[in-house]
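Here is the structure we will look at, set down as structure tokens.
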Amino acid sequence: MGEAIGQTIPLGVGVALSPLPVVAVVLMLGSRRGRSNGPAFLIGWLLGLVVVGSVALLVAGALGPTDEGEPAAWVSWVKLALGVLALLLAGRTWRDRPTGGHRPELPSWMRTVDGFTAGKALGLGAGLSGVNPKNLMLTLAAGAVIAQTGIPAGEQAVALGVFVLIGALGPGVPVVGYLALGERAERMLGELQTWMVRHNAAIMTVVVLVIGAKLIGDAVAGLAA
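Each residue of the sequence shown is one higher than the last, beginning at 216 in our numbering.
Following this line, the structure appears as structure tokens:
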């Protein structure tokens with residue numbers, strides 16, 4: 216189980232370091248329904264990771280490891296493909312970054328969070344964690360890695376749980392901070408939001424680039440073995 220957890224920790228960190236979801240949850244916490252919408256968004260985020268990760272576990276587990284208990288060769292090929300996609304995504308993110316001192320534009324839906332219900336916030340959290348291309352790649356990779364270690368189902372669930380908890384730190388820290396500190400957290404959250412909006416492209420590029428390089432390195436090592 217230790218091997219499975221160790222391999223998924225970097226993938227969970229990659230999910231956690233998602234600037235736009237953090238900005239979204241900070242905006243929700245500052246709205247009139249902040250105390251309900253913030254936690255609802257976090258619950259949706261967790262559900263999205265659990266659902267996608269569980270599907271990946273079931274599919275990869277059905278295929279099974281090799282007779283020697285080692286991950287099947289297809290896992291390395293999947294890692295390689297996901298790594299290449301991650302590098303392409305990093306390049307596109309950096310290419311499309313705002314230049315000339317222009318402030319990055321937020322998605323139009325972020326301007327409507329004041330009117331969100333708890334249900335909408337939950338659905339948005341699930342969508343951003345489970346369907347977002349970067350998170351989808353990382354969660355599928357985590358599920359495949361865990362399943363192909365050949366550990367028992369209970370230990371696989373624990374390893375997936377660790378991945379999900381790490382992946383939830385991004386939106387989770389602002390929610391917990393707001394619930395614990397109340398209005399005292401508003402200034403800190405506002406500064407965090409401003410910084411993440413300004414440096415969104417750089418953060419995303421670095422995170423996706425590092426994760427892509429790791430996936431490719433793991434894939435090459437697996438295929439060589």
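Note that beta-carbon positions come from the ideal geometry of N, C-alpha and C, so glycine has one too.
Here the structure is a predicted model, which means the values were calculated and not measured.
Item: Helix, strand or coil for residue 331 per DSSP?; Value: coil
Item: Taking all protein chains shown into account, do 16 or more other C-beta atoms lie within 10 angstroms of the C-beta of residue 223, making it buried, or fewer, making it exposed?; Value: buried
Item: Would you report the Cα separation of residue 255 and residue 439, rounded to the nearest angstrom?; Value: 45 Å
Item: List in chain order: all unbroken alpha helix (DSSP H) runs of 4+ residues lying wholly within the segment 234-295.; Value: 234-244, 249-278
Item: Count the other CB atoms, across all protein chains shown, that sit within 10 Å of the CB of residue 433; report buried if there are 16 or more and exposed otherwise.; Value: buried
Item: Which two residues bound the contiguous alpha helix (DSSP H) that contains residue 437?; Value: 415-439
Item: Taking a contact to mean a Cβ-Cβ separation below 8 Å, would you say residue 338 touches residue 259 in this structure?; Value: yes
Item: Take the Cβ of residue 417 as the centre, count every other Cβ of all protein chains shown within 10 Å, and call the residue buried at 16 or more, exposed below.; Value: exposed
Item: In terms of alpha-carbon separation, which member of 234, 343, 430, 392 lies closest to residue 265?; Value: 343
Item: With a CB to CB cut of under 7 Å and the five nearest residues on each side skipped, what residues in its chain are close to residue 420?; Value: 305, 308, 309
Item: Please work out which residues of its chain come closer than 7 Å, Cβ to Cβ, to residue 427, disregarding the five sequence neighbours upstream and downstream, and give them in chain order.; Value: 298, 301, 302, 305
Item: With a threshold of 7 Å on Cβ separation, who are the neighbours of residue 228 within its own chain once the five nearest residues in sequence on each side are excluded?; Value: 381
Item: Drop a sphere of 10 angstroms on the beta-carbon of residue 237, count the other beta-carbons inside from all chains shown, and report buried for 16 or more, exposed for fewer.; Value: buried
Item: Look up residue 308 in the DSSP assignment and say whether it is helix, strand or coil.; Value: helix
Item: Measuring alpha carbon to alpha carbon, tell me which of 437, 401, 242, 396 ends up nearest residue 324.; Value: 242
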